[in-house]
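In this note's numbering, the protein residues as written are 286 to 478.
Just so it is clear, CB atoms sit at the ideal spot from N, CA and C, and this is done for glycine as well.
So this is what it looks like as structure tokens:
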């Protein structure tokens with residue numbers, strides 16, 4: 286059996302922006318002194334929707350399905366960014382201004398060497414062992430993949446959504462790739478069966 290299996294890694298703007306917003310929300314929600322704040326820390330109060338967690342989960346799932354069907358991440362991020370605002374934030378002029386500030390701050394960080402390129406550098410060399418584990422699994426099970434596995438890289442763990450694994454499509458954090466490869470490989474095998 287010829288191994289035609291491949292993994293494509295992509296750090297998409299939209300998913301990483303959603304994680305950026307998720308972390309702002311979690312930092313605001315968890316104000317205990319022993320809480321370990323996540324990046325980014327925004328000291329001002331943001332007006333999120335009351336059902337933020339449900340909306341976030343639904344939006345993350347919706348965007349996952351759109352990107353799986355070849356909707357381009359950059360189109361969603363640049364041309365439809367009001368979708369994120371409308372679903373996750375209270376609709377007031379003040380919250381719209383804060384959302385725009387968050388959107389611009391994300392873009393500045395994401396384009397810097399500490400953003401997107403840092404994510405890429407941290408994981409590309411560590412994916413060889415992940416590729417080997419998945420390739421070995423496919424050979425042992427005599428599974429011929431119908432296409433390559435697309436992995437969307439996010440800078441931090443997605444806590445508010447469970448829709449990270451789909452057939453031949455996954456959204457995983459740097460932390461999962463670096464520290465939890467065995468568990469991640471197990472989860473990704475489910476995407477290939």
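| Check | Outcome |
| --- | --- |
| Candidates 400, 415, 311: closest to residue 470 by CA position | 415 |
| Alpha-carbon to alpha-carbon, residue 454 and residue 353 | 7 Å |
| Residue 439 burial status per 10 Å Cβ neighbour count (16 or more: buried) | buried |
| Cβ neighbour criterion (16 or more within 10 Å) applied to residue 323 | buried |
| Exposure of residue 286, with buried meaning 16 or more beta-carbon neighbours within 10 Å | Any reading at residue 286 must be qualified, since the residue scores a pLDDT of 46, below 50, and its modelled position is unreliable; no value is offered. |
| As assigned by DSSP and simplified to three states, the class of residue 301 | helix |
| N- and C-terminal bounds of the alpha helix (DSSP H) containing residue 399 | First-last for residue 399: undefined, no H or E at that position. |
| Collapsed DSSP secondary structure at residue 295 in the structure displayed | strand |
| Nearest candidate by alpha-carbon position, reference residue 391, set 405, 408, 327 | 327 |
| Outcome for residue 461 when other beta-carbon atoms lying within 10 angstroms are tallied against a minimum of 16 | buried |
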